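Asks: Chains as they are written, first to last, in my numbering: chain A, 15 to 114; chain B, 15 to 114; chain C, 12 to 146; chain D, 12 to 146; chain E, 325 to 454; chain F, 325 to 454.
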Amino acid sequence: MLHTVNKSSFESASLKICLGLAKSGSDILLIEDGVYGALAGTIHATMLAEATSAVSVYALGPDLKARGLPEDRLISGIKVVGYDGFVELACANDKVQSWL
Amino acid sequence: MLHTVNKSSFESASLKICLGLAKSGSDILLIEDGVYGALAGTIHATMLAEATSAVSVYALGPDLKARGLPEDRLISGIKVVGYDGFVELACANDKVQSWL
Amino acid sequence: MSETKKFMYINRRPPYGTVYPLEGLEVVLIGAAFEQDVCMAFISDGVFQLKQGQDTIESGMKNFSPTYRALGDYEVTRIYVERESLEERGLTEADLMPLTWEDEDDDWAEKPSIQIVSRTQLSDLLEEQDVVFNF
Amino acid sequence: MSETKKFMYINRRPPYGTVYPLEGLEVVLIGAAFEQDVCMAFISDGVFQLKQGQDTIESGMKNFSPTYRALGDYEVTRIYVERESLEERGLTEADLMPLTWEDEDDDWAEKPSIQIVSRTQLSDLLEEQDVVFNF
Amino acid sequence: MKLAVMVNEGPYTHQASDTAYNFIVAALAAGHEIFRVFFYHDGVNNGTRLSTPPQDDRHIVNRWSELSKAHDLDLVVCVAAAQRRGIVDPDEAKRNGKDSDNIAPGFRISGLGQLIEAGIQADRLLVFGD
Amino acid sequence: MKLAVMVNEGPYTHQASDTAYNFIVAALAAGHEIFRVFFYHDGVNNGTRLSTPPQDDRHIVNRWSELSKAHDLDLVVCVAAAQRRGIVDPDEAKRNGKDSDNIAPGFRISGLGQLIEAGIQADRLLVFGD
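1. Can you look up D:M12 in the DSSP assignment and give me helix, strand or coil?
2. If you measure between the beta carbons of E:D366 and F:T337, is that distance less than 7 Å?
3. Out of curiosity, what's the CA-to-CA distance linking C:R24 and B:R81?
4. Rounded to a whole number of angstroms, what is the C-alpha to C-alpha distance between D:Q47 and C:L33?
5. Excluding five sequence neighbours on each side, which residues of the same chain lie with their C-beta closer than 8 Å to the C-beta of E:K422?
6. Would a check of beta-carbon distances place F:V403 closer than 7 Å to chain E?
7. Kindly indicate the opening and closing residues of the alpha helix (DSSP H) around A:M61.
8. Quick one: what does DSSP say D:S70 is sitting in, helix, strand or coil?
9. Rounded to the nearest angstrom, what separates B:G91 and B:A73 at their Cα positions?
10. Chain I beta carbons: is any one of them nearer than 7 Å to that of E:T337?
11. Just the Cα atoms here: how many angstroms apart are A:Y50 and A:S22?
12. Are the beta-carbon atoms of E:V401 and E:G435 separated by less than 7 Å?
13. Roughly how many angstroms separate the alpha carbons of C:M12 and C:E139, rounded to a whole number?
14. Could you tell me whether the stretch 54-74 of chain C touches the stretch 103-111 of chain C, using the rule of 3 or more Cβ pairs below 8 Å?
15. Just to make sure I have the definition right: I need the residues of chain D whose C-beta is within less than 8 Å of the C-beta of E:V451. Which are they?
16. Taking the alpha helix (DSSP H) that B:L114 belongs to, which residues open and close that run?
17. Between F:R409 and F:V368, how many whole angstroms is the CB-CB distance? I'm expecting something under 8 Å.
18. Entirely within the stretch 329-417 of chain F and at least 3 residues each: give me those beta strand (DSSP E) ranges in chain order.
19. Between the C-alpha atoms of F:Q339 and F:D381, what's the straight-line distance to the nearest angstrom?
20. When burial is assigned at 16 or more other CB atoms within 10 Å of the CB, is C:I90 buried or exposed?
21. Would you call the stretch 87-103 of chain B and the stretch 123-139 of chain D in contact, with 3 or more CB pairs under 8 Å?
22. May I ask you to check if the CB of C:A52 is nearer than 6 Å to at least one heavy atom of the ligand GTP?
23. Would you mind sorting F:G430 into buried or exposed? The rule is 16 or more other CB atoms within 10 Å of its CB.
24. Give me the chain D residues within the contact set of B:S112, using Cβ-Cβ distance strictly less than 7 Å, ordered along the chain.
25. Go to D:Y79, then tell me how far its alpha helix (DSSP H) extends in each direction, as first and last residue.
26. Please list, in chain order, the chain E residues whose beta carbon lies closer than 9 Å to that of C:S70.
27. Can you grab the Cα-Cα spacing for the pair F:H356 / A:L35, in whole Å?
28. Identify the contact partners of D:S55 in chain B, using a Cβ-Cβ distance below 7 Å as the criterion.
29. Quick check on E:Q379: buried or exposed, where buried means 16 or more other Cβ atoms within 10 Å of its Cβ?
30. Within 7 Å of any Cβ in chain A, is that where the Cβ of D:K122 sits?
31. Between E:Q379 and chain F, is there a C-beta pair that is closer than 7 Å?
32. With 7 Å set as the bound, which would you pick, yes or no: does the beta-carbon of D:I127 sit closer than that to a beta-carbon of chain E?
33. Quick one, which of D:Y27, D:R80, D:A44 and D:V143 has its alpha-carbon nearest E:A446's?
34. Along chain B, in chain order, which residues have C-beta atoms closer than 9 Å to that of E:D366?
35. Could you tell me the distance, in whole angstroms, from the CA atom of A:I57 to the CA atom of D:L97?
36. What are the boundary residues of the alpha helix (DSSP H) that includes B:F11?
Structural data, given as structure tokens:
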């Protein structure tokens, strides 16, 4: 199952709620303002860093670039994908849940 | 100065940000989904209850009623006002800041 | 359309502040005509949608809470409410509107639709679905 | 309109996810023509609006970040950024676009517009204003 | 007192438009003057006459039009925000080569300067949004 | 694969409409079928032909119309959500006594059943919103 999160973890509970319900083995894709959750060194980074042992976390590259977030600033273990990778993740998983 | 907060404290950082910037003696009015912040016995109730010693906290009655929140469920010290009270608060303070 | 899929409608937002809960409910009611395997989940601030005693007269908005009581007639009989979300908000099941459905296989006995489930149970239920809507 | 009022534009949202930052900036630029006493504050996710290196080509949106560099020409010379908001997000001043203005009273010397202030200082500044906009 | 109001969200989708309306009604009842209501961001969507809400619900657009008529309210829709979102009056339709317009009675389209002016002229500015 | 997409926010105001568009372009490039794009909530505002964004910005409505034409995309605007927000086609205008319509080329107005059907028929449903 693919979960997408499109809100900043600093302003919204979406990422936290997603992590609370995502099962081990799930894929999580951060898009739009959700990509701020991928930043290393923030007060929320531990929450996501700890989750990466149980789930695979991805961040949408075009949204990182729009916001000026280079890959070397991300929590280690987060994979960056493009829209094509987003499509692949949607197809590879049996369903997609958008945490808006 | 009157601060208004219209978001649920469970979903949004608005109330926390407002409390972080509101000076002692300010008025804070909870409106729309912000009125959930007035509920007693929640995981966030302490944050607002502690603030009531420094700031005056109000909640909009029509928004409480719409959401089925009776006054006896609110954090003690929170005053309930109607739209007329909202107007009075706006006029009694030198300016209004909406934390959206 | 002979397939039957498992549909879950997740409700995560409080009522009235936005139109999402009301328009979400409209999807559930229309969807009922398609005879799929349907359930609803109320989590986070979505649990406030089921709060008893909503009265919108003073705010001038439309009180759509009575519509939840009609869900049983639309054969939406499984309504999951996350226990942790209730607790975080200082609510108990007694704060919620009693929602029921009539079981035609049991002499039309009236049965409760709301099931309080843990976050772990809800996570399992979510995994079983084919299609998930989020309002 | 002979009065001069103190206007503060508070920016609390990240760029691109919503149009508020872009449309908020349009208000500031138009407002500059009214010769009021203007400042901007960037708090919470609003600090991300000033992040260096924004590149929207792949996402197809309009990159409006160069507009911040024009603020000095519009005589918006006081841009407050909350230190705590930067720290919570793992950012430092070096992550922000350098914004400057030219001081005509000082032989057009180029001076920095951004001032990093504490939450307490910002709270004091907020209290001094006459009109506060929030985008 | 002289009050100005800014509405930043469309009707129905967010409660902002309802709260602004109820606030203004209460302010008028208390004898205050409403200097202007400025619609920005999605707030411009309050100004379309093509809205037809369900009959058992409030008609937000008509409510604004009627309040404007009853109290001579100045309802200003921001032109830049309106162009993005497709709210046009006959002049704007002509200027942008559109074959129809959709502005509701009582609303007028103007620039952001009207908002700044409201901030300067009014004793208080209240912002309703999301 | 057969994909269905739901768009719940209007153009510009939220990025949802951009992300949905970019996702669909990538899915088509990868050879997938787009069963339907369903516009709900403020998403219905993607379907107004009266939008005129600044010239240096993308034209979101036209982009949808052009993609629909190029790939025979089924762009469905929910009738109930559209009535609340003032998005109408000629039929709806007549039915609701409106003097004009504003639907953009390539979009059609229909009921929520089209969304449920998309959920049933498509292999995946993707929701973009706020």
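Backbone N, C-alpha and C fix where the C-beta goes; we use that ideal spot for every residue, glycine too.
Only a predicted model underlies this, so the values are computations on that prediction, with no experimental measurement involved.
Replies: So, to answer that:
1. The residue labelled residue 12 of chain D in the question sits at position 1 within the fourth sequence. Caution applies to D:M12, whose pLDDT of 47 falls short of 50 and renders its modelled position unreliable; the model cannot decide the point.
2. Along the fifth sequence, read from residue 1 onward, the residue named residue 366 of chain E stands at position 42. Along the sixth sequence, read from residue 1 onward, the residue named residue 337 of chain F stands at position 13. In contact: E:D366 and F:T337 (Cβ atoms closer than 7 Å).
3. On the third sequence, residue 24 of chain C is found 13 positions in, with the first residue counted as 1. On the second sequence, residue 81 of chain B is found 67 positions in, with the first residue counted as 1. Whole-angstrom Cα-Cα distance: 12 Å.
4. Here residue 47 of chain D refers to the residue found at position 36 of the fourth sequence. Here residue 33 of chain C refers to the residue found at position 22 of the third sequence. Distance between the alpha carbons of D:Q47 and C:L33: 43 Å.
5. Here residue 422 of chain E refers to the residue found at position 98 of the fifth sequence. Correct list, in chain order: V412 and E416.
6. Residue 403 of chain F sits at position 79 when you count from the first residue of the sixth sequence. With 7 Å as the cut-off, F:V403 does not count as an interface residue toward chain E.
7. Position 47 of the first sequence, counted from the start, is the residue given in the question as residue 61 of chain A. Segment A59 to A65, the alpha helix (DSSP H) holding A:M61.
8. The residue labelled residue 70 of chain D in the question sits at position 59 within the fourth sequence. Reduced to three states, the DSSP call for D:S70 is coil.
9. Taking the first residue of the second sequence as position 1, residue 91 of chain B is located at position 77. Taking the first residue of the second sequence as position 1, residue 73 of chain B is located at position 59. Near 11 Å, if we compare the C-alpha coordinates of B:A73 and B:G91.
10. Note that chain I does not occur in the displayed structure, where the protein chains are A, B, C, D, E and F.
11. For the purposes of this step, residue 50 of chain A is identified with residue 36 of the first sequence, where counting begins at 1. For the purposes of this step, residue 22 of chain A is identified with residue 8 of the first sequence, where counting begins at 1. About 6 Å.
12. Locating residue 401 of chain E in the fifth sequence gives position 77, counting from the first residue. Locating residue 435 of chain E in the fifth sequence gives position 111, counting from the first residue. No, Cβ-Cβ distance for E:V401 and E:G435 is not below 7 Å.
13. Position 1 of the third sequence, counted from the start, is the residue given in the question as residue 12 of chain C. Position 128 of the third sequence, counted from the start, is the residue given in the question as residue 139 of chain C. Bear in mind that the predicted position of C:M12 carries a pLDDT of just 47, short of 50, making it too unreliable to give a figure here.
14. Yes, since at least three Cβ pairs between the stretch 54-74 of chain C and the stretch 103-111 of chain C fall closer than 8 Å, the two stretches touch.
15. Position 127 of the fifth sequence, counting from 1, holds the residue named residue 451 of chain E. Simply F144 and N145.
16. As a working note, residue 114 of chain B is residue 100 in the second sequence. First-last for B:L114: undefined, no H or E at that position.
17. As a working mapping, residue 409 of chain F is identified with position 85 in the sixth sequence. As a working mapping, residue 368 of chain F is identified with position 44 in the sixth sequence. Their Cβ separation, rounded to whole angstroms, is 5 Å, which keeps F:R409 and F:V368 in contact under 8 Å.
18. 357-363 and 399-402
19. The residue you call residue 339 of chain F lines up with position 15 of the sixth sequence. The residue you call residue 381 of chain F lines up with position 57 of the sixth sequence. Whole-angstrom Cα-Cα distance: 14 Å.
20. Residue 90 of chain C sits at position 79 when you count from the first residue of the third sequence. Around the beta carbon of C:I90, a 10 Å sphere encloses 16 or more other beta carbons of the protein chains shown; the residue is thus reported as buried.
21. no
22. You won't find the ligand GTP in this model; it holds no ligand whatsoever.
23. What you label residue 430 of chain F is simply residue 106 of the sixth sequence in a count that begins at 1. Classification for F:G430: buried.
24. If you number the second sequence from 1, residue 112 of chain B lands on position 98. What B:S112 touches in chain D: N145.
25. Working through the fourth sequence from its first residue, we reach residue 79 of chain D at position 68. Segment P77 to R80, the alpha helix (DSSP H) holding D:Y79.
26. Within the third sequence, residue 70 of chain C is the residue found at index 59, counting from 1. Correct list: Q339, D342, T343 and N346.
27. Counting from 1 along the sixth sequence, the entry for residue 356 of chain F is found at position 32. Counting from 1 along the first sequence, the entry for residue 35 of chain A is found at position 21. Their backbone Cα atoms lie some 29 Å apart in a straight line.
28. Position 44 of the fourth sequence holds residue 55 of chain D. What D:S55 touches in chain B: A27 and I31.
29. The residue you call residue 379 of chain E lines up with position 55 of the fifth sequence. Per the 10 Å Cβ criterion, exposed.
30. In the fourth sequence, counting from the first residue as 1, residue 122 of chain D sits at position 111. No, because no Cβ of chain A sits closer than 7 Å to the Cβ of D:K122.
31. Position 55 of the fifth sequence, counted from the first residue, corresponds to residue 379 of chain E. Taking Cβ atoms only, chain F never reaches closer than 7 Å to E:Q379, which makes this a no.
32. In the fourth sequence, residue 127 of chain D corresponds to position 116, counting from 1. Contacts with chain E at 7 Å (Cβ-Cβ) do not include D:I127.
33. Residue mapping note: residue 446 of chain E aligns to position 122 of the fifth sequence, counting from 1. Residue D:V143 is the option with its Cα nearest to E:A446.
34. Taking the fifth sequence and counting its residues from 1, one reaches residue 366 of chain E at position 42. Ordered by position in chain B, no residue passes the 9 Å Cβ test against E:D366, which lies about 12 Å from the chain.
35. Here residue 57 of chain A corresponds to residue number 43 of the first sequence, with the count starting at 1. Here residue 97 of chain D corresponds to residue number 86 of the fourth sequence, with the count starting at 1. Taking the straight line joining both Cα atoms gives about 11 Å.
36. Here chain B has residues from 15 to 114 only, and residue 11 of chain B is not among them.
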